[in-house]
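A.B. asks:
2 protein chains.
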Amino acid sequence: MATKWVYLFDEGNRDMRELLGGKGAGLAEMTKAGLPVPPGFTVTTEACLAYYSAGHTFPEGMWDQVLSAMKETEKKTGKGFGDPKNPLLVSVRSGARVSMPGMMDTVLNVGLNPETVQGLAELSGNERFAYDSYRRLISMFGRVVKDVPGELFDEVFDAYRARTEGGGDTDLTVDMLKEIVAEYKAIYKRELGQDFPDDVYQQLSEAIEAVFMSWFGNKAVTYRRLNKLPDDWGTAVNVCTMVFGNMGEESGTGVAFTRDPSTGEKHLFGEYLANAQGEDVVAGTRTPLHIEELQRANPTIYSQFLEVAQGLERHYRDMQDMEFTVERGKLWMLQTRSGKRTARAAIKIAVDMVNEGLITKEEAVQRIEPSQVDAMLHPSFDQKAKDEAISRGDLLATGLNASPGAATGVAVFDSERAMQRAQAGEDVVLVRPETSPDDVGGMLTSRGVLTQHGGATSHAAVVARGNNLPCVAGAEDISVDTERRQFSVDGRVVKEGDLISIDGTTGEVFVGAIPTIDVDFAREQNLATLLSWADEIRRLGIYTNADYPRDAKRARELGAEGIGLCRTEHMFFEEERRPAVVGMIMARTDEERQKYLDELLPLQRADFEGIFEAMDGLPVTIRLIDPPMHEFLPDREELIEEVTRLRCTGENPELLADRERMLRVVEAHWETNPMMGLRGCRVGLMMPGVTEMQTRAIFEAACRQAKKGVDVHVEVMIPLVSHVNELRIEREALERVAKEVMAEEGIEVDYKFGTMIETPRGAITAGELAKHAEFFSFGTNDLTQMSFGFSRDDAEGKFLLDYVERGILPQNPFQSLDQTGVGKLVAMAVKDGRETRPDIELGICGEHGGDPDSIHFFHKVGLAYVSCSPFRVPVARLAAAQAAIEEKQGATFRDK
Amino acid sequence: MATKWVYLFDEGNRDMRELLGGKGAGLAEMTKAGLPVPPGFTVTTEACLAYYSAGHTFPEGMWDQVLSAMKETEKKTGKGFGDPKNPLLVSVRSGARVSMPGMMDTVLNVGLNPETVQGLAELSGNERFAYDSYRRLISMFGRVVKDVPGELFDEVFDAYRARTEGGGDTDLTVDMLKEIVAEYKAIYKRELGQDFPDDVYQQLSEAIEAVFMSWFGNKAVTYRRLNKLPDDWGTAVNVCTMVFGNMGEESGTGVAFTRDPSTGEKHLFGEYLANAQGEDVVAGTRTPLHIEELQRANPTIYSQFLEVAQGLERHYRDMQDMEFTVERGKLWMLQTRSGKRTARAAIKIAVDMVNEGLITKEEAVQRIEPSQVDAMLHPSFDQKAKDEAISRGDLLATGLNASPGAATGVAVFDSERAMQRAQAGEDVVLVRPETSPDDVGGMLTSRGVLTQHGGATSHAAVVARGNNLPCVAGAEDISVDTERRQFSVDGRVVKEGDLISIDGTTGEVFVGAIPTIDVDFAREQNLATLLSWADEIRRLGIYTNADYPRDAKRARELGAEGIGLCRTEHMFFEEERRPAVVGMIMARTDEERQKYLDELLPLQRADFEGIFEAMDGLPVTIRLIDPPMHEFLPDREELIEEVTRLRCTGENPELLADRERMLRVVEAHWETNPMMGLRGCRVGLMMPGVTEMQTRAIFEAACRQAKKGVDVHVEVMIPLVSHVNELRIEREALERVAKEVMAEEGIEVDYKFGTMIETPRGAITAGELAKHAEFFSFGTNDLTQMSFGFSRDDAEGKFLLDYVERGILPQNPFQSLDQTGVGKLVAMAVKDGRETRPDIELGICGEHGGDPDSIHFFHKVGLAYVSCSPFRVPVARLAAAQAAIEEKQGATFRDK
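Quick mapping for you: the protein sequence lines, in order, are chains A and B. Following the working numbering, the numbering of the first sequence begins with 717 at its first residue and continues without gaps. Following the working numbering, the numbering of the second sequence begins with 717 at its first residue and continues without gaps.
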């Protein structure tokens, strides 16, 4: 049987989005529901794809089917396409599976030529209207189908308008419009070397082809990449009988939402313009009525429309975004679709609709994009103020969107001064070439951080994300001069104390202040309700990554059910501990090292006490020291510089001797590829006493809190295991310490020992590892690095983003788990681990733990929990619930 | 049924090595064959293991079985254990599955006490002999079973000996021996606070236990680690009726081989000492007869022994190493086993035995350890001269055995001078703190290379291995001072021009010259014969890694059947090309880069022309550029130093500006983890033109050679692919270039495009990759690095060797493939790759390609070829044949 390329509106329905596009399915559904939809038909997305694969040729049979559909449409309207006596005009519009507003092309009034325009004039009794329609056809067709620059038409039009008294569109006379038509045709001929086609079928055919072509237009391609939409969907083409809102005051056109898309309030929201076509509303030359004012202006039309709108919302069980036209008092529905809305509105509407009995809790949970929850949790710029700033030219640069949220404050170029000015009550944005552990104090008292260098895992980015601090990193266009306390970009200089604004969600850097809108999670009642429904539904536990008691507390407020990753290295980075840490690293004997470890023990213990208290009753997973030792030592390159300088000047030989000694130590610890060097469990195995001290601190803290009545659940995590023996030996040594401490303290606490699965070999041999691990926590960051052989520090700056841009990688695998590759390792390890130890606890604590797509994968693969940064906890709760619902529905993939 | 812990010699046979140990199985087999073996029995290795797992207690039933076996032995000998009238004496000896010479303990003459010694004296009519035996028992028992320091006994013995006229053992009188016995007992009592046991069963029981314990003695553990033998084999204990070679001139003891173990010549080889026990031969106080001299000295005994020896060789079908004792004219066989032999002898014997019809070609091939072939291919020190050097104290240090072979020459501390002195005809050993590409010239004209820093993959090591140049790397004990042209170690100074010797096979560094023994492959007829048999048997192809025509030629002579890896980066390292390479990297535009690429094109083409010519008729696999770009740029740290110094002094501002600019470029290319940064196919994708230039050079060279009649087979290999799109895009671009060139040249050549599988993700997604690859070559070095998360540059120096030493890893996974982890990835990729493309060509080109254990794995997993450095080709040919034989035999693992 021949392929069916064309569907009349009364042949489709809402479930045929993939084939008919969103608009086509909507028109079909409305037609089916008996609503007033102008007759017409849809050319399928498959036809579009076939057009491309046939090398830009309509697939066999398609045009014939278009012709028959036109015949049907003529029959239904009683008009004839190209018939001068009673001409049928049609619109030709794109319609992809999801709405891509303004990204693709539309041609209106197809069917006009010198004869039919006369017929239209006679039939409508409105010659002005007929020629107005004709000139619109020529300019749209020229622009859209033939790439004639739109300005050429606009110039002519503006010139005529300038000659009228009112200066408006409606002030143009019929003669003027006729002259415009003539001039447009002349432009068309001049630009293209051919006449504007009088053959209405040629118009139709070329318009359909133009819509097909627009699928791979620049705008559409960019939009799809930004929204992660696939290229292989194609677009449908809707051919629809023209109805006219520009046939006098009893005519008009409007767009409306069934609820307020900004707030979610339940009332009609939209605009209506009498005696106009759709493009006039968009053009903004006349001010439209608010849709509710229509009630007074034209109660008949209003009530007609209100009824249809309410019916549509009930029918679709979602807030609708509608386009309609009134032609001489008769309402025609041209489009309906689920309306776009702000995050806040989306959540309110979903919760309201559950309360109205319109949708279920599951549906409400499914309707919210996790990114909408995320957006609600960060301060953002007032959009209007931001747009104004952009139009003022205040956008200085765009860097990496390293940590979301918006911040405004005075630029300060030094951590010390940032703290001072912040304490003095100023809002500060810390600006640095890049940050180091010494800057943490300054960062945490600032509103936001801006760095010139560094990627998404740079120190600045990591600290900022962990502290919910907006951060733009690696804004390489700015040049920071810390000595002069200023940065410059394209000759423009921003001095310390000047106001700047940064948007960590987008990476934008502005000069000047932009007002921000803050969020108070506790007061977001609708969100709390929605998330409580998510909690009822989800199976995955949601843990958090928290290194400090305050983070633990905050995460708990946001719904975290445990700590999946408590890193212990920050405890080594703190300034007052550095001498002991450096001493520990430089120690020449085990005894000497032990002296420094003894200094560190009470400090670490105190850290853990606070965390256990904050997580009373919930599990706390503590990872033993992980980074390579040189991270705790001074920078090698700076030392080389200092030593060279001191040698050169000959001054201060004592300092030189000291620095030379330090340099030797640093060189001894220096590694070519530190990410794969002496770190993780290797430190525990090679530097006796360090992890024993940590374990002692953990269990002393646990026992002491337990004695105070805190319900403690300790999980000790051994990182970077590649071979089962590493785990076995470390665990045996540490469990011995744990038992020793519990015996000393005279109390037992609930504890587990486990490992991170973060090297490919760890994943491959998980069955072996499970013999010695009561839990696995997947460290998907490192696992991704080593599986791809991508050093994140290097790759993101050097090629990874380019890879994504060029489509070499479908996504940044550090943001969303690479399910094909890394995911396969995770799935293998889950299976093998469980085979060895059926009750093994399985979680994930990489950054992917907060990414919705990855969460779906982790749900499917059967993990017990995901752990993410505190501020991703609400997002993760929602995503986990959505994953559970989809599983129940048996969906095989997530169709966003 | 109770476990059988004890086997009489007539209950076992040669196939029971695992249970009875090598010696026990040998004694049993000889007993079975009716040869004269003194009656006795073997306590099994299982008993030893049971002893350990029961916490150092004999397993249940064992001792009773020993007692019954003793009864049987008494019956067979007609003697009684502890019977003063006719005392039975026994030896108690260890006997593991494989021989561990001198590593474990032996006690002789068990069964003597004040009564039985009298009986022995009477029965033998030789009181001197009886007390000599008794004093031997006390000292051996004291030393071996009770850890009494042997010197205590030796001092007494030496003192008595000094009092005699002759000063020899046999000069001691009976009374002296009685006094010695008394003094030995006093020492025993003083040291241990207990009397020497008179209870002969206590003697036996403690002696057996001592043998068990010696399995975990330091010496034995060290030996096993060095020889990669497992700890869980345990040792058997052989209890054997004593026979006495020290009962007069018609008695004696000897050890002999059926063929010469140094040369393989077919004649008896060994030593015989009349009127002596075995330990006297070892002690070296008397000079034994060469075994062939026995023919004149005692033709009866000689002919008896010769017949037995020949019979044993025929029986075992291998050269035998035998111990025997003659007691009053009667021959007793105490041990037989396959004899150790030099590499050269092993090969000659194997080939001879095939020619004698004694063994098959397969057996000959199986008998040779691949390491023996390797040893034959490198010059080595004359062992005696080396031992003398060690005893002189000339061993200065031991570094990493980075590239095998021995070299002697004058130490030179600079590459330039090394070339000059070498051209002047001197043998040079280049000594450097570490080497860089600038040193290659000096290295290649030297006899060997010694570096203070750097591991097994340091520049020095890699270049040396690739050029068969002996190299000791990372000899951290020496301190090289290039300015003073000397190195020092423990205060000892070696100046330029002083003679030194290095052994790259062991890592030893000597002062002074040690004569070396060279090898000429072409003249090793036996080896050639053996390898030709291996070639008939093996299924795996043996390719080579060769970057230069001369390497290709050499490898071909050694039997290589193709090039599996031709690296192209050396072509970028060569001095005269550096400006173009640096220019290419620093280029700001694609056009600028193209200019430099155009300069490089003819140079690369010339490189390839030579290689295609050398490999006429064989495949040549060329890997496109792989290392990160910064490797081609100056050293970052040196630049920082230089810039700092220039800034400080203020002189030469032009030079400073130039260096600052260079430093900026270096910084821009600098990577935190270069191993996982912008390298491999990523360079091709991110730096347009580079791999296109390489492909053009390859195909221009191929076409031009083809026109000259060379049979060219090009395989272009795209490295470091993680995602199928990387491969697809690179391949499409490069195949386009290839076709272009062939069209230009007007000739087609045979070619393939393929990829390296060297990232874990590459292996996991091999099924996808195979769609775009006609071949896979496993890059197991990188695959090992990324699977474990071990950066080889860092790990080997910092923890890996320690890991192996401590048993955390069973072996260095960079030397022998980690079959459990990395091997699983290889197996997956093979399976998935073949599923997608059944005729895909599969090979491996990592260093593991030359490692015999790994070769067995690659055979099993079904690869088509392994590729290794030219000098490993013969080794690989042999190992591949052995793998094929074992497969045929259905062996599931390789039992060395």
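Here a beta-carbon is modelled for each residue, glycine too, at the ideal position from N, C-alpha and C.
1. Residues of chain B with CB under 9 Å from D1518 (chain A), in chain order?
2. Measuring only between beta-carbons, confirm whether S1438 (chain A) sits less than 7 Å from chain B.
3. Taking the continuous beta strand (DSSP E) assigned at N1441 (chain A), which residues delimit it?
4. Tell me, please, whether the CB atom of G1170 (chain B) is closer than 7 Å to any CB atom in chain A?
5. Determine the direct distance from the alpha carbon of P1350 (chain A) to that of T1151 (chain A), and round the result to whole angstroms.
6. Which residue or residues does DSSP assign as beta-bridge partners of M1049 (chain A)?
7. Given V1538 (chain A), which residues of its chain have a CB within under 6 Å of its CB, disregarding the five upstream and five downstream residues?
8. According to DSSP, is D1154 (chain A) helix, strand or coil?
9. Considering Cα atoms alone, identify which of B:T1360, B:I1434, B:K1269, B:Q1320 is closest to F1415 (chain B).
10. Tell me which same chain residues have a C-beta within less than 6 Å of the C-beta of R1588 (chain B), skipping the five on either side of it?
11. In chain A, which residues lie with their C-beta within 8 Å of the C-beta of D1219 (chain B)?
12. Using a beta-carbon distance cut-off of less than 7 Å, what residues from the region 1363–1385 of chain A approach chain B?
13. Which residues in chain A sit within 8 Å of N1441 (chain B), going by Cβ to Cβ distance?
14. Is DSSP giving Y1264 (chain B) helix, strand or coil here?
15. Which residue or residues does DSSP assign as beta-bridge partners of C1584 (chain B)?
16. Locate the beta strand (DSSP E) running through E1557 (chain B), then write down its first and last residues.
17. Using Cβ-Cβ distances below 8 Å, what residues of the region 1536–1561 of chain B are close to chain A?
18. Counting only the same chain and skipping the five closest in sequence on each side, list residues whose C-beta sits under 6 Å from that of E1132 (chain A).
19. Within the 7 Å Cβ cut-off, does M1392 (chain B) reach chain A?
20. Can you find a C-beta in chain B that's less than 7 Å from the C-beta of R1356 (chain A)?
21. Just curious, the alpha helix (DSSP H) that S921 (chain B) is in, first and last residue?
22. Under three-state DSSP, which class holds M963 (chain B)?
23. Is I1106 (chain A) buried or exposed, if buried means 16 or more other CB atoms sit within 10 Å of its CB?
24. Just the chain B side, please: which residues come within less than 7 Å of P1476 (chain A) by C-beta, in chain order?
25. Report the rounded CA-to-CA distance for K944 (chain B) versus S815 (chain B), giving the unit in angstroms.
26. Terminal residues of the continuous beta strand (DSSP E) containing L824 (chain A)?
27. Determine the DSSP secondary structure at N954 (chain A), reduced to helix, strand or coil.
28. Can you list, in chain order, the stretches of the alpha helix (DSSP H) that have 4 or more residues and sit fully within the region 1202–1242 of chain A?
29. Going along chain A in order, which residues have a C-beta closer than 7 Å to the C-beta of N1497 (chain B)?
30. Within 10 angstroms of its Cβ, does H1385 (chain A) collect 16 or more other Cβ (buried), or is it exposed?
31. T938 (chain B) by DSSP, collapsed to three states: which one?
32. In the DSSP assignment, what are the bridge partners of S810 (chain B)?
33. Tell whether a beta-carbon distance below 7 Å holds between G738 (chain A) and R1030 (chain A).
34. Can you name the residues of chain B whose CB is closer than 7 Å to the CB of R1398 (chain A)?
35. Would you check if the distance between the CB atom of I1571 (chain A) and the CB atom of A1592 (chain A) is smaller than 7 Å?
36. Within 10 Å of its beta-carbon, does A1061 (chain B) have 16 or more other beta-carbons around it, so buried, or fewer, so exposed?
C.D. replies: Inspection of the coordinates gives the following:
1. Residue mapping note: residue 1518 (chain A) aligns to position 802 of the first sequence, counting from 1. Going along chain B in sequence order, the residues near D1518 (chain A) (Cβ under 9 Å) are L1401, M1402.
2. For this step, residue 1438 (chain A) is matched to residue 722 along the first sequence. Cβ-Cβ to chain B under 7 Å: yes for S1438 (chain A).
3. Locating residue 1441 (chain A) in the first sequence gives position 725, where the first residue counts as 1. Careful: N1441 (chain A) lies outside any beta strand (DSSP E), inside the alpha helix (DSSP H) at 1440–1461.
4. Translated into positions along the second sequence, residue 1170 (chain B) becomes position 454. Not one chain A Cβ lies under 7 Å of G1170 (chain B).
5. Here the question's residue 1151 (chain A) lines up with position 435 in the first sequence. Here the question's residue 1350 (chain A) lines up with position 634 in the first sequence. So the alpha carbons of these two residues sit roughly 14 Å apart.
6. Taking the first sequence and counting its residues from 1, one reaches residue 1049 (chain A) at position 333. In DSSP, M1049 (chain A) forms a bridge with A:F1040.
7. Locating residue 1538 (chain A) in the first sequence gives position 822, counting from the first residue. Taken in chain order, the residues that qualify are L1499, T1500, S1503.
8. Residue mapping note: residue 1154 (chain A) aligns to position 438 of the first sequence, counting from 1. Residue state, collapsed to three classes: helix.
9. Working through the second sequence from its first residue, we reach residue 1415 (chain B) at position 699. Looking at the Cα atoms, B:Q1320 is the closest of the given residues.
10. Translated into the one-based positions of the second sequence, residue 1588 (chain B) becomes position 872. Cβ neighbours of R1588 (chain B) beyond the five flanking positions: G1566.
11. The count along the second sequence starts at 1 and reaches residue 1219 (chain B) at position 503. Here the premise fails: no neighbours, minimum Cβ distance about 27 Å.
12. C1364, T1365
13. As a first step, residue 1441 (chain B) must be located in the second sequence, where it is residue number 725. The answer, in chain order, is G1523, I1524, L1525.
14. As a working mapping, residue 1264 (chain B) is identified with position 548 in the second sequence. Here Y1264 (chain B) sits in coil by DSSP.
15. For this step, residue 1584 (chain B) is matched to residue 868 along the second sequence. Answer is B:T1260.
16. As a working mapping, residue 1557 (chain B) is identified with position 841 in the second sequence. E1557 (chain B) -> beta strand (DSSP E) spans 1557–1560.
17. T1536, G1537, V1538, K1540, L1541
18. The residue given as residue 1132 (chain A) occupies position 416 in the first sequence. Same-chain partners within the cutoff: there are none.
19. Here residue 1392 (chain B) corresponds to residue number 676 of the second sequence, with the count starting at 1. So yes, M1392 (chain B) belongs to the interface.
20. Taking the first sequence and counting its residues from 1, one reaches residue 1356 (chain A) at position 640. It is worth fixing the name first, because residue 1356 (chain A) is Ile in this sequence and not Arg. Yes, I1356 (chain A) lies at the interface with chain B (some Cβ there is under 7 Å from its Cβ).
21. Here residue 921 (chain B) refers to the residue found at position 205 of the second sequence. From DSSP, the alpha helix (DSSP H) with S921 (chain B) extends over 916–930.
22. As a first step, residue 963 (chain B) must be located in the second sequence, where it is residue number 247. Residue state, collapsed to three classes: coil.
23. Along the first sequence, one-based indexing puts residue 1106 (chain A) at 390. With fewer than 16 Cβ atoms within 10 Å of its Cβ, I1106 (chain A) is classed as exposed.
24. Translated into positions along the first sequence, residue 1476 (chain A) becomes position 760. Those are P1476, M1502, S1503, listed as they occur along chain B.
25. Here residue 944 (chain B) corresponds to residue number 228 of the second sequence, with the count starting at 1. Here residue 815 (chain B) corresponds to residue number 99 of the second sequence, with the count starting at 1. Answer to the nearest angstrom: the Cα atoms are 13 Å apart.
26. Counting from one through the first sequence, the residue named residue 824 (chain A) turns up at place 108. Where L824 (chain A) is concerned, the enclosing beta strand (DSSP E) stretches over 822–826.
27. Locating residue 954 (chain A) in the first sequence gives position 238, counting from the first residue. Strand, per DSSP.
28. none
29. On the second sequence, residue 1497 (chain B) is found 781 positions in, with the first residue counted as 1. Those within 7 Å of N1497 (chain B) in chain A number zero; the least Cβ separation is about 12 Å.
30. Position 669 of the first sequence, counting from 1, holds the residue named residue 1385 (chain A). With 16 or more other Cβ atoms within 10 Å, it is buried.
31. As a position in the second sequence, residue 938 (chain B) is number 222, starting the count at 1. T938 (chain B): helix per DSSP, three-state reduction.
32. Numbered from 1 along the second sequence, position 94 holds the residue referred to as residue 810 (chain B). Bridge partners of S810 (chain B): B:V953.
33. By one-based count along the first sequence, residue 738 (chain A) stands at place 22. By one-based count along the first sequence, residue 1030 (chain A) stands at place 314. Cβ atoms of G738 (chain A) and R1030 (chain A): not closer than 7 Å.
34. Locating residue 1398 (chain A) in the first sequence gives position 682, where the first residue counts as 1. Residues of chain B passing the Cβ test: F1515.
35. Here residue 1571 (chain A) refers to the residue found at position 855 when the first sequence is read from its first residue. Here residue 1592 (chain A) refers to the residue found at position 876 when the first sequence is read from its first residue. For I1571 (chain A) and A1592 (chain A), yes; Cβs fall inside 7 Å.
36. Here residue 1061 (chain B) corresponds to residue number 345 of the second sequence, with the count starting at 1. By the neighbour-count rule (16 or more Cβ atoms within 10 Å), A1061 (chain B) is buried.
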